[in-house]
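K.L.:
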Amino acid sequence: MTAAPNDEERDALVAAFLAGDERALEQVYRRYSSLVYSVCLRSLGEVTEAEDVTQKVFVAAWDKRHNYKPERASLSAWLMGITRNKIVDAHQGRARQRRIADQVASNYDTPREPLDVAERLIVADEIARLDEMPQKVLRLAFYEDLTHMQIAERLQLPPGTVKSHIRRSLIKIRRRLEESGDGPSGA
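Numbering (full-length UniProt numbering), first residue to last: 1 to 187.
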């Protein structure tokens with residue numbers, strides 16, 4: 001007998017998975033997670049994000065297992081379809097994050113002589129109002145011009161956490177500036 005699962009074992013695993021047996025989910029994860037992870041890592045290029053997306057694939061597979069039709073595709077092919085969709089979602093999330101960061105940065109990087117110093121002071125004040133870790137991350141990113149990886153190494157944080165701190169902080173600052181009338185829409 002070969003190391004590959006035979007048809008009966010595979011069919012039993014699929015039936016148990018479809019029936020909601022959590023042990024089957026565990027077996028499916030053990031059997032296919034390295035494949036899913038390697039596809040995610042190749043596409044996304046970042047360990048933390050590949051790990052996150054791999055987890056999302058299996059959560060989605062479990063939540064949507066009633067949609068799986070074994071007569072249409074193998075379990076691995078179905079999982080690869082979910083993987084592709086989650087990778088697309090991750091790339092779209094990255095693009096959205098870049099647009100937000102670029103938009104916020106462009107609103108405060110364009111020189112408007114009399115207001116430029118005042119705006120910088122307002123933004124510095126808003127950064128100072130952040131919690132300690134997001135404040136450190138933003139200062140390293142914007143004042144010391146460090147990359148996400150450099151910040152992650154310096155603060156001993158995962159790169160995904162650094163990105164999250166930057167994104168959430170920029171959104172929070174922008175919202176507070178707009179509410180106070182000091183932001184780009186109120187200028």
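Just so it is clear, CB atoms sit at the ideal spot from N, CA and C, and this is done for glycine as well.
Restricting to runs no shorter than 4 residues, where is the alpha helix (DSSP H) found entirely within the UniProt domain "RNA polymerase sigma-70 region 4" (127 to 174)?
P.N.:
With a minimum length of 4 residues, the continuous alpha helix (DSSP H) runs that stay inside the UniProt domain "RNA polymerase sigma-70 region 4" (127 to 174) are 132 to 138 and 148 to 155.
K.L.:
Could you check whether the segment 14 to 23 touches the segment 60 to 75, counting it as contact only if at least three pairs of C-beta atoms, one from each stretch, sit closer than 8 Å?
P.N.:
In short, these stretches touch, since the Cβ pair count reaches three.
K.L.:
For the alpha helix (DSSP H) that contains tyrosine 32, what are its first and last residues?
P.N.:
Locating residue 32 in the sequence shown gives position 32, counting from the first residue. Note, tyrosine 32: alpha helix (DSSP H), 22 to 44.
K.L.:
Could you tell me whether the segment 78 to 98 touches the segment 139 to 153, using the rule of 3 or more Cβ pairs below 8 Å?
P.N.:
Output reads no: the segment 139 to 153 does not touch the segment 78 to 98.
K.L.:
Take the Cβ of valine 59 as the centre, count every other Cβ of all protein chains shown within 10 Å, and call the residue buried at 16 or more, exposed below.
P.N.:
As a position in the sequence shown, residue 59 is number 59, starting the count at 1. The residue is exposed, with fewer than 16 neighbouring Cβ atoms inside 10 Å.
K.L.:
Sorted by chain position, which residues of the same chain lie with C-beta nearer than 8 Å to residue 189's C-beta, five sequence neighbours on each side aside?
P.N.:
Residue 189 cannot be examined here, being either before or after the span of the chain that is shown, 1 to 187.
K.L.:
Determine contact between the segment 153 to 161 and the segment 169 to 177, defined as no fewer than three beta-carbon pairs at a distance below 8 Å.
P.N.:
No contact exists between the segment 153 to 161 and the segment 169 to 177.
K.L.:
Taking just the CA atoms, how far does arginine 42 sit from leucine 115?
P.N.:
Reading the sequence shown from its first residue, position 115 is the one you call residue 115. Reading the sequence shown from its first residue, position 42 is the one you call residue 42. With a pLDDT of only 47 at leucine 115, under the threshold of 50, the placement of this residue in the model should not be trusted; the figure read from the coordinates follows. Taking the straight line joining both Cα atoms gives about 45 Å.
K.L.:
Please report how far the alpha carbon of alanine 152 lies from the alpha carbon of valine 162, in whole angstroms.
P.N.:
The residue labelled residue 152 in the question sits at position 152 within the sequence shown. The residue labelled residue 162 in the question sits at position 162 within the sequence shown. Between alanine 152 and valine 162, the C-alpha separation is close to 6 Å.
K.L.:
Near valine 104, what residues of its chain come up, given a Cβ to Cβ distance below 7 Å and the 5 sequence neighbours on each side ignored?
P.N.:
For the purposes of this step, residue 104 is identified with residue 104 of the sequence shown, where counting begins at 1. Counting only Cβ-Cβ distances below 7 Å, and skipping sequence neighbours, we find Leu170 and Arg174.
K.L.:
Take the Cβ of arginine 168 as the centre, count every other Cβ of all protein chains shown within 10 Å, and call the residue buried at 16 or more, exposed below.
P.N.:
Numbered from 1 along the sequence shown, position 168 holds the residue referred to as residue 168. Flag for arginine 168 reads exposed.
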